[in-house]
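Protein chains in written order, with the working numbering: chain G, 1 to 289; chain E, 1001 to 1361; chain W, 2001 to 2370. Please read the structure below before turning to the comments.
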Amino acid sequence: METRPYGINDWARTVVLILISIVMVFPVYWMVMTAIKPLDEWLKYPPVWFTLRPTLDCFRSILGVLDKPIDFGNPGQAAAVPAILKGLFVSVSATFISMGAGSMAAYSISRFRIGGNFLPLFILSARMFPPIAVVLPLLVMYSNVGAIDSYWGLIVAYAGFTLPFSVWMMKSFIDDVPRAIEEAAIIEGMGNFEVFYKVTLPIVKTGILVTALFIFILNWSEFLVAFTMCYDRVETAPVFLASLFSAVCGTLYGPQAAMGLIIVIPVVIFGYLIQEHLARGFTFGALKR
Amino acid sequence: MESVTKQFGAGKQYCNVYDLDFEVSDGELFCFVGPTNSGKTTILRLIAGLDKPDRGQVSIDGMRVNEVHPSRRQIAMLFEELALYPNKNGYGNLASPLKVKKAPKQEIKKRVMGAAKLLGIEHLLDRNPETYSGGERQRVALGRILVSQAKAYLLDEPLGGLDARLRISMRSELKRLQRELGQTMVMVSHDQEEVMSLGNRIGVLEKGKIHQVGTPAELYNNPVDSYVAKTIGKPAINLYECNLEQKNGKVSVIHDHFTLDIDDRLQEAPEQSREQEVILGIRPEHIEIGEAKKKDDDIPATIFISEPLGAKTIVDFKIGQETIRTLTSSDSQFQIKESKWLRFRKDKIHLFKKKTGKAVL
Amino acid sequence: MGIKLQLNNLIKVFGNLVAVNELCIDILDGEFVSIVGPSGCGKTTTLNMLAGVLEPTSGSIILDGIEINSLPARKRDIGLIFQDYAIFDKMDVYENLAFSLRTKKTPKEQIDRTVRSVAETFNLTGILHNDPSFLNPGDLQRVAIARTVITEPSVFLLDEPLDNLDANMRVTMRGELKRLQKDLGKTMIYVTHDQEEAMSLADRVVVMNNGKLQQFDTPKEIYDHPVNKVVAGFIGNLPMNFIDSQLRDESGKLILTDSSQSFHLDISSHRKVIEESHCGETLCLGVRPEHISAEPSKEHDSPFKAVVYNLEILGAENVIEFYMKEKPDIIHRMIAPPEFVPKVNDTISIHFHPDKIYLIDPGTGNVLRQ
């Protein structure tokens, strides 16, 4: 390969890239900073770009399991851990239900064209309007069946909201599995359902992982519905974060940033895992051409 | 199959077939040959049950199987795309048909190792398909269908995509296997050489219809129409549009550039001499090249190009705009633009009616 | 004809794999050379180095006297024709031909003149405005070549351009391609794995194996006088039969036979070259299927007894697979006329002609030459 000198176009491109990177990374940086700032620096103006007095007080205050809990004036502020656990429970359950129903639906749509052209698009359309438009009617329906502030109510709602994703993402992974492999299995003597879970699913296991993690992230970081439906018992992590304010100190930015970091950790890890796997091919070698 | 017709909707992957009528005997290696999109894969799919015929009946062992699900027909099929399981290793792939039928572990192991030994693929058993070369993948796919004991084996282009040398050795292996195991096989291919060398009987397909079914010798010597004549034999038969004329009681074939006296041949089919427009067919191997004119109807032509193949040479001649391809084992040097005299062997001429393509002689 | 292209000690190494090993060939101006060999022999790597896609590890490529090793692909005077022709199907034939000229920003009138004149040479004038997806293979091939001809390269590289065609179409296209090259008079280098194609097209053939050059000669020479077992076994429609045999001296005659005495061939005429080769008592006997006959011929021959294993009826001829009586594991092939139709397991008498056999030194693999 020949190389040519770094021209003016290349410099301009580099500068623009650096600027964009700064803009994208800054909120994360600020959040990290805020989470380790002492109380007096949270709202200081001019802003403290880099704290010289880092402290773990914010984390201590919300987690409640470290010694020396710091009180910022909110009685419920130390409930981070229960909130995390509840959030996990709801998110994981909803993901399972969504994946289970969604992959079977995806298989039917992909292989048997169930519902023709209408059904798949109908499922997709469920995601086309913003959740905020549905929240109030949902609230009314839920209160009628007594599902307000209940675990199962939230799980069902989350499963419903993420079903379009699980159906469409799984459908695209299943579409990529050559029909010939399934037909070969049928000729060997497998029934349709056997083919689905013994042949197709193992081949798309990467796709399953990717879709499941994607849906989990959606559920885990969901705020609006959880906030609306639940007021007391079922407090997921983002909802807990919103409750961090006190009469004494106002909005507890430090603890909020700390909680934000905690919430973001699984998102970052899973996001990184998904990204790698999306790049890999998973039927290589099964086909000739 | 009896009068089987299957039509797919527009834009589908497989081609329509019409009025298929044929029988495959027990222990026979039956081949279908035809260009791409002639319905070869459709036929196999209909036998396997992956597609149902619109009309007609498919029977196996004398019983109608139109309504029988493919998983119950006891057929093994080798797909053109091979369709190996990417998530299983060689052993897993080979064992799969038996695992589905819930055979005991010992039995599975015995049959898998047996097939692996037969095909020389023991070293592939613990590796995954993505590490295989083209030839290895082909052999593992073949092993997979051999392991299952089916009533019949269907093979879709089993040797396509292989290196020329590998194809020849695999052809022998396949024929040997079929003979030793005595299994009934139906194979489809676009390569007529493959089909001629392997098949006990061959069916020639075009656009979903069967033109002729016969042994290799029958198809070569007595093609029922010009399409079959063109499909079988390499290099392909030379075909020319001509007219039959009667002059002084003698019948001749008239072409823009040559005339042939075919009276002797017409003893066989005198009533056909009333046909006017015909297609003359003569195979490259049945044309003799001479330096001088010896007979009245020898044809003068100039050499267009010659291709030495080792044992034989293909020499293309041109006369006017027509090309005459010949195949000769002569050692002489052939120079471009040299003139020679060509003689068609009269006993090997084929005549087809121009309108229908059907054979006259 | 002068030398157009020289490959001097060309080497290409990928990690531990030596893909091309000290390749030295001189290609003459206007010559059609084909490079052939089994998969993995290094032919595609060589093509890629000539095209400029890969840089040689060492050695040099000299075109018209100038070394072009480090010249990028687009600056080389070489035209590449791909396996699938790579014709743009969104443009009509005219645009395809004009493409390279437009990229060079040639003035419109000149483009038109050049395209029309090339189209005439290649018989494409009638289809200049056709959609390429509807062209037949013959026209497609001519468009692909015409398009490359317009860029006026000094050398053409072709990468198995006939591979995708039906068997019969391939034979027809081959003849056309060969004639086209003769009319154009340009140097062409054709890479293929199909030995029949290589033999039929080329003035001279390069046979490669495992990265090394085996033989570089005319098709006739390579067929009649292969230089080693690799070339002998690779060239020829059906592979050559190889039989392990032993030399014996019997009453003054030099006899070739095998361990179970199933055949007895008098090769006294080859005595001199055998003695010079010092290869001992074991020799590998090579004989082509087309040189085995089932009919007795006049000169010194003793028929061998062979058992028929398989019979293939191909129409113009029959292929008989057989084995020697004591060695049922090794299958050999012979070609017989269509009238000869033995049954499987029949015993037949076959004859080798002592002049049509090849004696191969089992140690070096080289063919002993008279």
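For every residue, glycine included, the Cβ atom is placed at its ideal position computed from N, Cα and C. Only a predicted model underlies this, so the values are computations on that prediction, with no experimental measurement involved.
> Hey, is residue 2160(W)'s beta-carbon within less than 7 Å of any beta-carbon in chain E?
Replying inline: no
> Of all the alpha helix (DSSP H) runs that stay within the bounds of the region 215-255 of chain G, which reach a length of 4 or more residues?
Replying inline: 224-229, 237-242
>> Going by DSSP in three states, residue 1035(E) sits in which element: helix, strand or coil?
In response: coil
>> Would residue 2094(W) pass as an interface residue toward chain E - the criterion being a Cβ-Cβ separation below 7 Å?
In response: no
> For residue 1949(W) versus residue 2303(W), is the C-beta spacing smaller than 7 Å?
Replying inline: Because chain W in this structure spans residues 2001 to 2370, residue 1949(W) falls outside the shown range and cannot be described.
>> Is the beta carbon of residue 1046(E) closer than 7 Å to that of residue 1033(E)?
In response: no
>> Assess contact between the region 219-235 of chain G and the region 145-155 of chain G, defined as three or more Cβ pairs (one per stretch) separated by less than 8 Å. Is contact present?
In response: yes
> Can you list, in chain order, the residues of its chain whose CB lies under 7 Å from that of residue 174(G), leaving out five sequence neighbours each side?
Replying inline: 106, 107, 110, 200, 204
>> Please identify the residue among 2107(W), 2042(W), 2149(W) whose C-alpha is closest to the C-alpha of residue 2191(W).
In response: 2042(W)
> If the cut is a Cβ gap below 9 Å, which residues of chain E does residue 87(G) touch?
Replying inline: Going along chain E, no residue has its Cβ under 9 Å from residue 87(G), so there is no contact; the nearest lies around 34 Å.
> What in chain W is Cβ-close to residue 1240(E), meaning under 8 Å?
Replying inline: Those do not exist, as residue 1240(E) stays about 15 Å from chain W at its closest Cβ, beyond 8 Å.
> Are the Cβ atoms of residue 55(G) and residue 216(G) separated by less than 7 Å?
Replying inline: no
>> Strictly under 7 Å for the Cβ-Cβ distance: is residue 285(G) near chain E by that measure?
In response: Legend: pLDDT at residue 285(G) = 36, less than 50; position of this residue unreliable, value from coordinates given subsequently. Chain E, which has a Cβ nearer than 7 Å to the Cβ of residue 285(G), makes this yes.
> Which residues, taken in chain order from the region 1171-1185 of chain E, show a beta carbon closer than 8 Å to some beta carbon of chain W?
Replying inline: 1172, 1175, 1176, 1179
> To the nearest whole angstrom, what separates the beta carbons of residue 1234(E) and residue 1193(E), a pair I think is in contact under 8 Å?
Replying inline: 6 Å
> What is the C-beta distance between residue 1300(E) and residue 1339(E), in whole angstroms, given that I count them as a contact (C-beta under 8 Å)?
Replying inline: 6 Å
>> Per DSSP, what are the beta-bridge partners of residue 1168(E) in this structure?
In response: According to DSSP, residue 1168(E) bridges with nothing at all.
>> At the 7 Å Cβ level, is residue 2171(W) part of the contact set with chain E, yes or no?
In response: yes
>> Bridge partners for residue 1254(E) per DSSP, in chain order?
In response: 1243(E), 1259(E)
> Which residues, in order along the region 1045-1057 of chain E, keep a beta-carbon less than 7 Å from a beta-carbon of chain G?
Replying inline: 1048, 1050
> residue 1158(E) versus chain B: which residues are under 7 Å apart at the beta carbon?
Replying inline: The structure shown contains no chain B; its protein chains are G, E and W.
> beta strand (DSSP E) containing residue 1309(E): first to last residue?
Replying inline: That residue, residue 1309(E), is in no beta strand (DSSP E); it is neither H nor E in DSSP.
> How many Å lie between residue 1225(E) and residue 1026(E) at the Cα?
Replying inline: 28 Å
>> Could you pull the DSSP bridge partners for residue 2284(W) from this structure?
In response: 2244(W), 2360(W)
> Are three or more beta carbon pairs between the region 1196-1206 of chain E and the region 2116-2135 of chain W nearer than 8 Å?
Replying inline: no
>> If we define contact as Cβ-Cβ less than 7 Å, is residue 1067(E) a contact residue for chain G?
In response: no
>> If you follow the beta strand (DSSP E) that residue 2021(W) is in, where does it begin and where does it stop?
In response: 2017-2028
> Are any of the Cβ atoms in chain W nearer than 7 Å to that of residue 1334(E)?
Replying inline: no
> Taking the beta strand (DSSP E) that residue 1340(E) falls in, what are its first and last residues?
Replying inline: 1339-1344
>> Measuring only the C-alpha atoms, how far is residue 273(G) from residue 12(G)?
In response: 32 Å
>> Rounded to the nearest angstrom, what separates residue 195(G) and residue 1096(E) at their Cα positions?
In response: 12 Å
>> Distance cutoff 7 Å, beta carbons only. Does residue 1187(E) sit that close to anything in chain W?
In response: no
>> So, under 8 Å CB-CB, residue 1140(E) and residue 1087(E) are touching, yes? Tell me the CB distance rounded to an integer number of Å.
In response: Contact flag wrong, Cβ pair sits at about 14 Å.
> Grouping DSSP H, G and I as helix and E and B as strand, with all else coil, what is residue 2238(W)?
Replying inline: coil
>> Check whether the region 2083-2100 of chain W and the region 2048-2060 of chain W are in contact - that is, three or more C-beta pairs closer than 8 Å.
In response: no
> Residues in its own chain within less than 8 Å of residue 2044(W) by CB, not counting five upstream and five downstream?
Replying inline: 2159, 2191
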